[in-house]
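Residue numbers (the numbering used here): 849 to 1263. Working notes, beginning with the structure itself.
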């Protein structure tokens, strides 16, 4: 099988798209954007006062004290991670797998990124013992690890690490003098919020944790990029924020007025925004469960998704059938599935996973179809799985995976 040729396009440009909601923009949000479209004043680096005040309220409602002087905003979480990593210096530790956009920010600075395995039951936070061993090895080789990035609602695995796993990782990081950046982009998209315990690192170690939330995870469309960061309310935290603001200013990474207005409105969590978010979460939770049922029914493996709009699938049990088709690694699997399904199926290597492992991330957004009317109806449908576009896509997926299962069974040795 011919490997996709990325020459001249770059790994980042050909990387996986973020999981899209696939839903129409909320009318109230569109009105706020339109009202701010004629503003001509230059937005300040780090965010305008209205946006920062709204972000303070958002975090306070979640039990995390916040003041505008502890916060910074940027047009997306990427610039915030870049600014924090640049301000801290040194090397960066990431869980394996992790969000696809994390490592490019580190590489852009010319720094080294080291992936640490996660526990078997979840993604997002590294195994504490593996973290300690990785730090020891990096220092023995002359490296200077200073930052650990983790997530309490993980892309790509759609899992939430148990509080004890997060606590052990944060405790290990503190013991080694590492700063922690917690990506909490998907924390408001829990599929079963009353059954899922999510505790952020900043609640465990408020003096050593910076929290970042990209609002395109739950509140804004990707066309309105905005993200906010909360730095530790300490002397070192204020110094870190000041250095990060210098980086954002040098990059010109300010949130445009229409996006800032939309972000401030959404972070205020008016009834219309919270109702839309709840409906979208219910819809994507139903789609993710159906997607998992389809792939596991064909013999693949996937942890139950509990947050976000995606599913991380391990096709290792179907390796013989895939090998017969010339698929032996994650890049070839990505090419094969995207050609067969016509849907994004980025391989695990995009997320820092082993390229030899046959893993992909599937997203729920593409199941909703391409027409705005189709996607809008999905929000109010009594059973979204009965919608024609959803049934059609799930049927295509089921046939593709069932074909692989049947072929794998033919390769099984007789008992």
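Ideal placement from N, C-alpha and C gives every residue a C-beta, glycine not left out.
Listed in chain order, the alpha helix (DSSP H) elements of length 4 or more contained wholly in the segment 928-958 are 950-956. Remark: three or more beta-carbon pairs, one from each stretch, lie closer than 8 Å, so the segment 995-1014 and the segment 1024-1041 are flagged as touching. In this structure, the alpha-carbon of residue 1162 lies about 13 Å from that of residue 1199. Excluding the 5 residues flanking it on each side, residue 1121 has same chain C-beta neighbours closer than 8 Å at 874, 876, 877, 1067, 1113, 1114, in chain order.
Residue 1040 and residue 1154 do touch by the CB rule: their CB atoms are close to 7 Å apart, below 8 Å.
For residue 960, the three-state secondary structure derived from DSSP is coil. Cβ neighbours of residue 904 within its own chain (closer than 8 Å, five residues either side excluded): 914, 915, 916, 919.
Here the alpha carbon of residue 1258 sits roughly 38 Å from the alpha carbon of residue 973. Going by beta carbons, residue 1131 and residue 1071 fall outside the 8 Å limit.
With 16 or more other CB atoms across the displayed protein chains lying within 10 angstroms of its CB, residue 1178 is buried. In this structure, residue 1211 sits near residue 867, with a CB-CB distance shorter than 8 Å. Taking a contact as a CB-CB distance under 8 Å, the pair residue 1011 and residue 964 does not count as one, their CB atoms being some 19 Å apart. With 16 or more other CB atoms across the displayed protein chains lying within 10 angstroms of its CB, residue 1223 is buried. Selection 1106, 1239, 1234 evaluated against residue 889 yields 1106 as nearest (Cα-Cα).
Within the segment 988-1021, the complete beta strand (DSSP E) segments at least 3 residues long are 993-999, listed from N- to C-terminus. Per DSSP, reduced to three states, the secondary structure at residue 1035 is coil, with no helix or strand assignment.
Remark: C-beta atoms of residue 1088 and residue 994 do not approach each other more closely than 8 Å. One Cα belongs to residue 1248, the other to residue 1180, and the distance between them is close to 16 Å.
Under the DSSP assignment, residue 1197 falls outside any beta strand (DSSP E); it carries neither an H nor an E label.
If you look at residue 1209, you'll find it in the beta strand (DSSP E) that goes 1207-1211. Under DSSP, residue 1027 forms a beta bridge with 995.
In this structure, DSSP gives residue 894 an extended state, which the three-state scheme calls strand.
The Cβ-Cβ distance between residue 1013 and residue 1032 does not fall below 8 Å. Our two residues, residue 1051 and residue 1108, have alpha carbons roughly 27 Å apart in a direct line. Straight-line spacing of the CA atoms in residue 1216 and residue 1253 works out to 26 Å. Per DSSP, residue 1058 is one residue of the beta strand (DSSP E) stretching across 1057-1062. By the criterion of at least three beta-carbon pairs nearer than 8 Å, the segment 925-945 is not in contact with the segment 1161-1176. In terms of Cβ geometry, residue 1168 and residue 1149 do not form a close pair [threshold 8 Å]. Close CB contacts of residue 934 within its chain, under the 6 Å cut and outside five residues either way in sequence, are with 957, 1095 (chain order). The criterion of a C-beta distance shorter than 8 Å is satisfied by residue 1080 and residue 1055.
In the DSSP secondary-structure assignment, residue 920 is bridged to 1077.
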